[in-house]
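To start, the structure under review is shown below, and the notes come after it.
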C-alpha cells in the first residue's frame with residue numbers, strides 16, 4: 001500500500017563539524033507506508049530521522065516534507081509541517097511532572113484552538129486505545145517500561161499526524177511487549193492513515209510491520225525494498241541482522257495478554 005510522496009530527501013549531506021554523517025542520502029516515503037530503517041552503529045539512522053523531522057539541517061541537498069522544502073522554509077512553514085508529524089522517542093520521553101493524561105494532551109494544547117474539555121476527551125480516548133484507560137492520573141514513574149512506551153505512542157498520535165516517526169520503539173522491552181507495541185503502531189497507522197518511519201534493531205519487528213526496508217550504510221542508502229527483496233540481496237550484514245531474530249512470543253499470546261489487559265490462558 002502506498003500513495004503520494006510525503007517525504008522526498010534528495011542527495012542529503014549532514015555534517016557535525018568535520019564529521020560527515022549523511023553522505024548523499026536519497027529517500028522517498030509514501031503515504032500509507034511503514035518504512036523500517038536498519039543499519040549498523042554509525043550508519044546514519046538516527047541522523048536521518050532527525051533530518052526528516054527538521055531538527056537538523058543538511059549542508060547540501062533537499063528535504064521536502066508534506067510539500068514543504070525544509071531547507072528553504074521559514075519558521076512558520078516548518079511549524080506547520082511539525083504539527084502534522086508525530087514522534088515516538090526511544091525511551092518514551094514522558095515528562096515526569098505531568099500525569100499520563102497531561103503528557104498525551106501536550107500536542108493538542110500546543111495547537112491553541114481546542115477547548116480543555118475536548119483536549120481531555122481526545123487524550124483519554126487515545127489512552128484507552130492503547131490499554132491505559134485506567135492510568136490517566138498516574139505519573140510516568142508509576143508505569144512499567146511497556147506502559148510508558150504505550151503512553152508515548154498515544155501522545156505521538158493524539159493529534160492525528162500524517163507522518164509518525166519512531167526511534168527504536170522496541171528498545172528495552174520483552175518479546176511479548178514488543179509484539180504488542182508493533183501491533184499498536186499498525187493499529188494507529190490504520191486509524192489515522194499516517195505513514196510510519198521506524199528506526200529499529202529488532203528483526204522480528206521489521207518482518208511484522210515493514211512494507212519497505214531501507215538499509216543505511218556509511219550515510220547512504222545501500223538497499224531499499226521489501227523484506228524479501230532486501231534479504232535476497234545476499235548482503236552479509238543483512239543476513240546477520242535477520243539471523244539474530246528474538247525467539248517468538250509463546251504461542252497463544254494475544255496483544256491483550258501482552259499488554260496485561262487480560263491474564264494469559
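Residue numbers (my numbering): 1 to 265. Ideal Cβ positions, reconstructed from N, Cα and C, are used throughout, including at glycine. All of these numbers come straight from a predicted model, not from anything done at the bench.
Contact check for residue 160 against residue 201 fails: the beta carbons are separated by 8 Å or more. Taking 8 Å as the cut-off, the beta carbon of residue 70 is found no closer than this to the beta carbon of residue 219. Secondary-structure assignment with DSSP links residue 19 through a beta bridge to 16.
When DSSP states are grouped into helix, strand and coil, residue 170 belongs to the coil group.
Under the three-state reduction of DSSP, residue 38 is assigned to strand.
Relative to residue 49, the option among 196, 93, 225 and 209 whose CA is nearest is 196.
Secondary structure note for residue 213: its beta strand (DSSP E) is the uninterrupted segment 212 to 217.
Between residue 22 and residue 13, the C-beta spacing is below 8 Å. Residue 192 has its alpha-carbon roughly 9 Å from the corresponding atom of residue 158.
In the three-state DSSP reduction, residue 26 falls in the strand class (E or B). Just measuring C-alpha positions, the residue of 164, 210, 203 and 43 sitting nearest residue 239 is 203. Residue 195 carries a strand assignment under DSSP once its states are collapsed to helix, strand and coil. Residue 208 and residue 179 have their C-alpha atoms roughly 9 Å apart. Counting along the chain, the unbroken alpha helix (DSSP H) around residue 239 starts and ends at 236 to 243. Around the Cβ of residue 133, a 10 Å sphere holds fewer than 16 other Cβ atoms; the residue is exposed. Residue burial annotation: residue 116 is exposed, with fewer than 16 other C-beta atoms found within 10 angstroms of its C-beta.
For the pair residue 103 and residue 114, the CB atoms are not nearer than the 8 Å cut-off.
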